[in-house]
Structure formats: C-alpha cells, structure tokens
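Residue numbers (my numbering): 50 to 236.
Glycine included, every Cβ here is placed at the ideal spot set by N, Cα and C.
Worksheet: the structure to be examined is printed underneath.
Here it is, written out as structure tokens:
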C-alpha cells in the first residue's frame, strides 16, 4: 500500500473513531433496567465499516465506543464495550465481504445494497446478546440484561436507519469513492 494511501486510511480511521465517540457520548438516554445507556453511536459504527472495512471499522468502533464509556462515567462497561463494538463491526464487514464475493447481482434499497443492511442487523444482534450478558453480570441478575435487550434493539435499529439514509446520500456524491463496499464493486 502506498504511503499516501496509508496516511489517508489512518486519517479516515481517526476521524471515524472521533465520530463514533461523539455520536455515543453527546446524546445518552439512560436505560431503565441496566446501568447503561442508549445512544446514536451505532450509526457511525455502521458507516465506519462501510468506509474502512471490517478491520478499520472494528478499530473505530472499539476505540470510539470504549472511549465514550470511559469519558462518560461508565468505566465498568469500557472494556466490554470495546470488545462488543469491535466484534460488532468485524461481523458486519465479514458478512458483507463473504456475501459480495459469492454473488454478482445484489438487491438494493434505494442505492444501498441489501447485503449491507442485513450485515447491520446481524452485527446489531451480536451487540444485543453481548450487552444482555454483560448487563446481567454487572447487575448480578440476568433478568436485568434481558430487560435491557429491547433498548439495545431499538438503539441499533435507529443506527441502521440513520446509517442507511446517510449511506444513500453519500453514495450519490463523490464521497462514494471512499466506501470500501461501494456500488461499483457490488453491482
């Protein structure tokens, strides 16, 4: 990889870490059954995967989300968040890569391939299961984790919708050249 490409990738990864951090940190709605909160960070996690792929997306997701927990007073969650969100991003990217290699034609919703939306759903379900377990352990009561799961489903669903809308808009601009899984690669 040429030096200029490495520099651009490092800058884009750093930008996405910051956007994940800000989207997670700025708007926090406490979850009534857990010690956690609901936020818009999943929107930027999904976009980071589309921009950076599974590895870069995992770095941005894990670091940005973990830092938001540390800075926001949720330090007990930070190591778990780092792992859960990094795995979430990696799963989404791996699913998109595996699926786009197998098929030549993809169904799209607007200008967003359905495979990307399905990847977001699968990744979101990993996050819901991960936090249900962590919430249960941290609260000392698995019921707490189970009761918090619908809030995490709502969180990633909002993130999915917002990321899809943003991707649809960005795919229609010159910015589409920055997306790893861009339309000209999956058509």
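Coarse secondary structure for residue 226, derived from DSSP in three states:
To locate residue 226, count along the chain shown from 1; it is residue 177. DSSP places residue 226 in helix when its eight states are reduced to three.
Can you tell me whether DSSP reads residue 157 as helix, strand or coil?
Taking the chain shown and counting its residues from 1, the one referred to as residue 157 is at position 108. Looking at residue 157 - three-state DSSP - the assignment turns out to be strand.
With the cut-off set at 9 Å, would you say residue 98 and residue 88 are in Cβ contact?
If you number the chain shown from 1, residue 98 lands on position 49. If you number the chain shown from 1, residue 88 lands on position 39. Not closer than 9 Å, so no.
Among 223, 229, 168, 149, nearest to residue 205 - alpha-carbon criterion:
By 1-based counting over the chain shown, the position of residue 205 is 156. Of the candidates 223, 229, 168, 149, the one whose C-alpha sits nearest the C-alpha of residue 205 is 168.
Which residue or residues does DSSP assign as beta-bridge partners of residue 162?
The residue given as residue 162 occupies position 113 in the chain shown. The partner list for residue 162 (beta bridge, DSSP) reads 157.
Are the CB atoms of residue 106 and residue 65 within a distance shorter than 9 Å?
Reading the chain shown from its first residue, position 16 is the one you call residue 65. Reading the chain shown from its first residue, position 57 is the one you call residue 106. Cβ distance < 9 Å, so residue 65 and residue 106 count as in contact.
To the nearest angstrom, how far is it from the Cα of residue 81 to the Cα of residue 121?
Locating residue 81 in the chain shown gives position 32, where the first residue counts as 1. Locating residue 121 in the chain shown gives position 72, where the first residue counts as 1. Distance between the alpha carbons of residue 81 and residue 121 is about 17 Å.
Can you name the residues that DSSP bridges to residue 51?
Translated into the one-based positions of the chain shown, residue 51 becomes position 2. None; residue 51 has no bridge partner.
By DSSP, does residue 123 sit in helix, in strand, or in coil?
Within the chain shown, the letter at position 74 stands for residue 123. It is coil, neither helix nor strand.
Taking the alpha carbon of residue 178 as the reference point, which residue from 219, 188, 197 has its own alpha carbon closest?
Taking the chain shown and counting its residues from 1, the one referred to as residue 178 is at position 129. Of the candidates 219, 188, 197, the one whose C-alpha sits nearest the C-alpha of residue 178 is 197.
Could you tell me how far apart the beta carbons of residue 195 and residue 218 are, in whole angstroms, since I believe they sit closer than 8 Å?
Locating residue 195 in the chain shown gives position 146, where the first residue counts as 1. Locating residue 218 in the chain shown gives position 169, where the first residue counts as 1. At roughly 36 Å, the Cβ-Cβ gap does not stay under 8 Å, so residue 195 and residue 218 are not in contact.
If I follow the unbroken alpha helix (DSSP H) through residue 203, where does it start and stop?
The residue labelled residue 203 in the question sits at position 154 within the chain shown. 191-220 is the span of the alpha helix (DSSP H), which, as asked, contains residue 203.
Considering only their Cβ atoms, is the gap separating residue 183 from residue 126 smaller than 9 Å?
Translated into positions along the chain shown, residue 126 becomes position 77. Translated into positions along the chain shown, residue 183 becomes position 134. Cβ atoms of residue 126 and residue 183: closer than 9 Å.
Assign residue 128 to one of three DSSP states: helix, strand, or coil.
Against the chain shown, residue 128 aligns to sequence position 79. Three-state DSSP puts residue 128 in a helix.
With distance defined between alpha-carbon atoms, name the residue in 200, 210, 83 nearest to residue 189.
In the chain shown, counting from the first residue as 1, residue 189 sits at position 140. Residue 83 is the option with its Cα nearest to residue 189.
Best match in 90, 76, 53, 54 for proximity to residue 68 [C-alpha to C-alpha]
Counting from one through the chain shown, the residue named residue 68 turns up at place 19. Closest by alpha carbon: 90.
For residue 100 versus residue 227, is the C-beta spacing smaller than 9 Å?
Locating residue 100 in the chain shown gives position 51, counting from the first residue. Locating residue 227 in the chain shown gives position 178, counting from the first residue. Contact flag set, yes.
Which residues share a DSSP beta bridge with residue 79?
The count along the chain shown starts at 1 and reaches residue 79 at position 30. Beta-bridge pairing links residue 79 to 86.
Counted within 10 angstroms of its Cβ, other Cβ atoms place residue 76 as buried (16 or more) or exposed
Reading the chain shown from its first residue, position 27 is the one you call residue 76. Looking at its Cβ environment, which holds fewer than 16 other Cβ atoms inside 10 Å, residue 76 is exposed.
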